[in-house]
Every structure is written in C-alpha cells, then in structure tokens.
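Engineer: Okay, here's the structure, questions in a sec.
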Amino acid sequence: MAWPARIRNRPLLRRPRWTCCLRLPVAESAPPPPLPDGTWWRGVEVVRHARRGAAQHIAHELGRALVSTRSSAVSVDLVDAVGATLACDVHALCPVPHYASSAMDGYAVCGSGPWRVMTGDTSVHDAASTAALELAPSQAVPVVTGGVIPGGTDTVIRDEYALRTGDELRFDDSCPTSELEGRHIRPAGTECRSGERILTAGSVLSPADIALAAVSGVDKVPVVPVPDARLLLTGSEVQSSGVPTPGFVRDAFAPTVPPVLTSLGARVDSVRRLPDDAAVFAAALDVAITDRVPLVITTGGTARSRADHVRAHLERRTTPIIDELDLQPGHPTLFAACGPGTAVLALPGNPLAAMTALTVLAVPFLCGLLGRPAPVPVSVTVAHEIAGTRRERLVPAFQHADGAWSPCRQIGANMLRGLSSAQALLSVPVEGLSAGARTEALALPW
Numbered sequence: 001m002a003w004p005a006r007i008r009n010r011p012l013l014r015r016p017r018w019t020c021c022l023r024l025p026v027a028e029s030a031p032p033p034p035l036p037d038g039t040w041w042r043g044v045e046v047v048r049h050a051r052r053g054a055a056q057h058i059a060h061e062l063g064r065a066l067v068s069t070r071s072s073a074v075s076v077d078l079v080d081a082v083g084a085t086l087a088c089d090v091h092a093l094c095p096v097p098h099y100a101s102s103a104m105d106g107y108a109v110c111g112s113g114p115w116r117v118m119t120g121d122t123s124v125h126d127a128a129s130t131a132a133l134e135l136a137p138s139q140a141v142p143v144v145t146g147g148v149i150p151g152g153t154d155t156v157i158r159d160e161y162a163l164r165t166g167d168e169l170r171f172d173d174s175c176p177t178s179e180l181e182g183r184h185i186r187p188a189g190t191e192c193r194s195g196e197r198i199l200t201a202g203s204v205l206s207p208a209d210i211a212l213a214a215v216s217g218v219d220k221v222p223v224v225p226v227p228d229a230r231l232l233l234t235g236s237e238v239q240s241s242g243v244p245t246p247g248f249v250r251d252a253f254a255p256t257v258p259p260v261l262t263s264l265g266a267r268v269d270s271v272r273r274l275p276d277d278a279a280v281f282a283a284a285l286d287v288a289i290t291d292r293v294p295l296v297i298t299t300g301g302t303a304r305s306r307a308d309h310v311r312a313h314l315e316r317r318t319t320p321i322i323d324e325l326d327l328q329p330g331h332p333t334l335f336a337a338c339g340p341g342t343a344v345l346a347l348p349g350n351p352l353a354a355m356t357a358l359t360v361l362a363v364p365f366l367c368g369l370l371g372r373p374a375p376v377p378v379s380v381t382v383a384h385e386i387a388g389t390r391r392e393r394l395v396p397a398f399q400h401a402d403g404a405w406s407p408c409r410q411i412g413a414n415m416l417r418g419l420s421s422a423q424a425l426l427s428v429p430v431e432g433l434s435a436g437a438r439t440e441a442l443a444l445p446w
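The opening position of the sequence shown corresponds to residue 1 in our numbering, with each subsequent residue numbered one higher.
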C-alpha cells in the first residue's frame, strides 16, 4: 500500500487530533493479584543487539504479555470512549435503521392513484401515529425524510411530483413511472441487523464509531483500561527553562514525551527529573516497580561507560529483554522487564536517538498492551541514492510532491531540527539505497 503524495512539512499519517491529550476514566475494577517476579514476561524472547524488525515484534509481544497483570476491561459511557481501545466486540442491540423510513419528503402511498390523503390538512403525522397506520389501497399519508413508513406503503412520491387538491393526491404528469416502484423507502435493518457485530475488539474508537454504537442502541462499551506510564529523566546538566549556559542543556523530553505517550493511549502519572546519582535513580525505579507502573521510561545513562549508571543498575535490577538495538540512532537503548508488572524502556540521552527508539519500541509495546495490532511499516520509494553504514539507519525524511522520499537535513543523533520537519522515519539498510529503490518508512507517533 502506497502513501498518498503530500507536500513537504505536512505530517503524514498524523494521529487524529481527538486522541491527543485524551483523559479517560480510571478503571474501577481491581487489577489481578501480583504475579511472582519473572512470571509475566516468561516466554518473551530475549535478544541481544536486536535488529529493528525483531525488536518491534518483541516489544509488541512484551506488551501482550503484560496484559496478564492488568484488569481486562472497564465499561465506560459512550461520551467517555472516544480514543479508547475496544476490549471486545460490540454488537447492535437493534436493527439500523430500526424502522422503515422515508428517504424523501413527500407522501407514502398504497396502490395506484389517485389517493385519498389520510390527514385533513397539510400537516405531517407525528412518528407514533404514523407508525400505527396501516394504509389501504388508494390511501396516502404525508411523510418527511427519516419519517416512519406506515404499513401497507408501496412507494413514496416526492413532493415535487405530487399534486394535491384538498384530500385528493395525484401524480404530476412529469412524474417518471419509476416513482411507483417502491422508491425512497429505507427498509429496517438496511445498515445492520440486530445482533450483528458493528465494532471489533482492538479498534481505537473514533467519533464515528461512537455514533454507530449510539444509533445501534448501545449506551456503554467495554474498553481496555488506560495504562500508566512514568518518566524518570536523568541528567544533572539538564535545565527546564531559559537559555542554557555552556555545559548545560535544555530538557527536550519533559514537554514532548508525555503528549506522545498520551496520543498512543497511555496516561503519564508523573515526570521526575533526577540528578546523575545512582542511588537516587535506584530509589525512584523501586517506587515505580512497587507501584506496578506498566511502563517506566528513562532518558540518558544507557551507554557502557563508568558514568552511565542507568544501564548498570537496570542490568542488575531487571531482566533486559533487548539489551541494545542494531540501529542508528538509538543503538544503546535497553528494554527490560521487572517486578510484578513493569516494563522499563531506557532511552539514550541524545534527543533524536531517544525519539527514534521511542518510535521503534514504545509504539508496538503500547499497541500490545492495549490489545491493538502491531504497527506495520509502509513501503515507499526514495528520490535519490542514500549511502549505507554498518547498521540500519532510521532517518527523518520528507515526501516530495511526486511521492518519492528524501532524508531531511540536520539529522544527527543530538539534533532535532530534521525531526521537526520530518513526515516519517525512513529505513536505510546497511547496503544503502539507490535512486528509485523501495524501502520501509515508519509513521511518527504524532
């Protein structure tokens, strides 16, 4: 499937804005009792130096495995369900439409004309009285679009073809004979039958889905409880406001990662900024594990130097499922499981590397946790030759008017300007790409 051509800097496959900053009711049902450490992720493949495709699959499986530690569903009112993930199929409680209705303003008639109009004036019957009517041959009754069709109706004559004199109704001479062939009647159940499945488990509920459920007689829908996520942002050199002085940097994660996670269906319960102190980090992680936060995301400290205490602690305290990615940027990312119900995604400190790893791992993980299908990359064509390196690269890219793709400028691991103008992440394999070659593109999670 090819993506439609878009102009540069217009985001492609943008997530619907109604899912952004979504706040759904917290599930009222109690979670299952804690499982022993190491139980919930048993059976998930552990991979060292994971390639991107394998890492995405494992992340989705890890999310699915974590479902066993959580409440399966919570019933919410339709007004609160937009953007939620449907926990099980929903079936219509009535046919849609639930009565035979008119597709036009005009007259419901029985038999051939002329007809006697059942009302003494030009007023239209109310729905209750019209539904109770049973037309006999040569009888007619006024109807409006969406109005009830009385029993015995053979067809509906549109107002523009109807000539009425007092209570007598005739066809206009210009009326086509097809108007007498059962026209302009919407039979009950045309859209769906009572008991028919109208929404499928795993669907992210849109406003249109909610409207369909409403007209099908549904008041509440079963949805997957919104999972919490917690951010532990490390770095003594990071400041949250103002222009940083040499040796300090602005925090690029606190203002961006929470809305990304929210748009993916999670709820960020807290964002903590931590100094480069191993003991402080260990204590914060232990609290998250005790709280059974489903997803903990850390930033920084994931390389293998003596100063990178995050990786060192996670390798002792957790079970690394993916110890690093065979990918640039984002190579030192670590994805681990621990406790009775917590996954830890440790992102690199460089902004582009972190956002790339977030796209590769957090997106499929949350899809698995929410019962959604794994995201599928899209096949695209590159506009010109792109050199390869010793690892697969995911580069911020934009689409030309002719549909071909090119990398953005300024796409170093520590840069954000290229990502800001990107429409997707383009896969560049080790061998590189020639002009016109096909490759995969990953939709950005915003």
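Ideal Cβ placement from N, Cα and C applies to all residues, glycine included. All values reported here derive from a predicted model rather than from experimental measurement.
Would you mind stating whether Pro294 and Leu369 have Cβ atoms separated by less than 8 Å?
Structural biologist: A contact, by the Cβ cut-off of 8 Å.
Engineer: By the 10 Å Cβ neighbour count, where 16 or more other Cβ atoms means buried, how is Thr262 classified, buried or exposed?
Structural biologist: The residue is buried, with at least 16 neighbouring Cβ atoms inside 10 Å.
Engineer: Could you check which residue in Asp228, Leu66, His184, Asp89 has the C-alpha nearest to that of Tyr107?
Structural biologist: Ranking Asp228, Leu66, His184, Asp89 by Cα distance to Tyr107 puts His184 first.
Engineer: Who are the Cβ neighbours of Pro351 in its own chain at under 7 Å, not counting the five residues just before and after it?
Structural biologist: Excluding positions up to five away in sequence, the list reads Ala252, Asn414, Leu416.
Engineer: I need the DSSP call for Ser263, collapsed to helix, strand or coil.
Structural biologist: It is helical.
Engineer: Of all the alpha helix (DSSP H) runs that stay within the bounds of the stretch 388-424, which reach a length of 4 or more residues?
Structural biologist: Complete alpha helix (DSSP H) runs here, min 4: 417-420.
Engineer: Helix, strand or coil, according to DSSP, for Val293 in the structure here?
Structural biologist: Three-state DSSP puts Val293 in coil, outside helix and strand.
Engineer: For Arg311, count the other beta carbons within 10 Å of its own beta carbon; 16 or more makes it buried, fewer makes it exposed. Which is it?
Structural biologist: Result: buried.
Engineer: Between His57 and Phe365, is the Cβ-Cβ spacing less than 8 Å?
Structural biologist: Contact flag unset, no.
Engineer: For the stretch 394-414 against the stretch 224-238, do three or more pairs of beta-carbon atoms, one drawn from each stretch, fall closer than 8 Å, so that the two count as touching?
Structural biologist: These segments do not touch.
Engineer: Thinking C-beta only, is Ser101 closer than 8 Å to Gly146?
Structural biologist: In contact: Gly146 and Ser101 (Cβ atoms closer than 8 Å).
Engineer: Might you give, ordered along the chain, the residues of its own chain that have their beta carbon closer than 6 Å to the beta carbon of His309, omitting 5 neighbours on each side?
Structural biologist: Counting only Cβ-Cβ distances below 6 Å, and skipping sequence neighbours, we find Ala278, Gly301.
Engineer: Classify Arg409: buried if its beta carbon has 16 or more other beta carbons within 10 angstroms, exposed otherwise.
Structural biologist: Classification of Arg409: exposed, given that the 10 Å Cβ count is below 16.
Engineer: Could you give the residue range of the beta strand (DSSP E) that holds Phe171?
Structural biologist: Note, Phe171: beta strand (DSSP E), 168-171.
Engineer: Quick check: the stretch 257-274 against the stretch 318-335, are at least 3 beta-carbon pairs closer than 8 Å?
Structural biologist: Too few Cβ pairs lie closer than 8 Å, so no.
Engineer: Please state the DSSP three-state secondary structure of Ile386.
Structural biologist: Strand, per DSSP.
Engineer: Kindly indicate which residue of Thr342, Glu179, Val296 has the alpha-carbon position closest to the one of Gly113.
Structural biologist: The residue with the shortest Cα to Cα distance from Gly113 is Glu179.
Engineer: For Thr318, which residues from the same chain have a beta carbon less than 7 Å from its beta carbon, with the 5 sequence-adjacent residues on both sides left out?
Structural biologist: Same-chain partners within the cutoff: Ala336, Ala337, Cys338, Val344.
Engineer: What would DSSP say about Ala374, mapped onto helix, strand or coil?
Structural biologist: In the structure shown, Ala374 sits in coil (DSSP, three-state: anything other than H, G, I, E or B).
Engineer: Would you call Ser427 buried or exposed, if buried means 16 or more other Cβ atoms sit within 10 Å of its Cβ?
Structural biologist: That one is buried.
Engineer: Going by DSSP, what residue range makes up the alpha helix (DSSP H) through Arg316?
Structural biologist: Looking at the DSSP string, the run of the alpha helix (DSSP H) that includes Arg316 is 309-317.
Engineer: Quick check: Thr155 and Gly182, are their CB atoms within less than 8 Å of each other?
Structural biologist: Going by C-beta atoms, Thr155 is nearer than 8 Å to Gly182.
Engineer: I think Leu231 touches Val268, with their Cβ atoms under 8 Å apart; what is that distance to the nearest whole Å?
Structural biologist: Between Val268 and Leu231 the Cβ distance is about 7 Å, and since that is below 8 Å, they are a contact.
Engineer: When we look at the beta-carbon of Arg48 and count the other beta-carbons within 10 Å, is it buried (16 or more) or exposed?
Structural biologist: Looking at its Cβ environment, which holds fewer than 16 other Cβ atoms inside 10 Å, Arg48 is exposed.
Engineer: May I ask you to list the residues that DSSP assigns as paired with Leu285?
Structural biologist: According to DSSP, which records beta bridges pairwise, Leu285 is partnered with nothing at all.
Engineer: Is DSSP giving Pro142 helix, strand or coil here?
Structural biologist: Strand, per DSSP.
Engineer: Got a sec? Which residues, its chain only, sit under 6 Å from Val224 by beta carbon, not counting five neighbours each side?
Structural biologist: Hits under 6 Å: Thr85, Ala87, Leu370, Gly371.
Engineer: Name the one or two DSSP bridge partners that Ile157 has.
Structural biologist: Looking at the DSSP assignment, Ile157 forms a beta bridge with Tyr107.
Engineer: At 3 residues or longer, and completely inside the stretch 174-227: list those beta strand (DSSP E) runs for me, N to C.
Structural biologist: The stretch 174-227 contains these whole beta strand (DSSP E) runs: 197-199, 220-223.
Engineer: Would you mind working out which of Trp446, Val218, Ala140 sits nearest Ser75, comparing C-alpha positions?
Structural biologist: Answer by Cα proximity: Val218.
Engineer: What's the call for Arg42, buried or exposed, on a 16-neighbour Cβ count within 10 Å?
Structural biologist: Its Cβ having fewer than 16 others within 10 Å, Arg42 is exposed.
Engineer: On a CA-only basis, which of Ile322, Glu392, Trp446 is nearest Ala50? Give me that one, please.
Structural biologist: Among Ile322, Glu392, Trp446, the Cα nearest to that of Ala50 belongs to Ile322.
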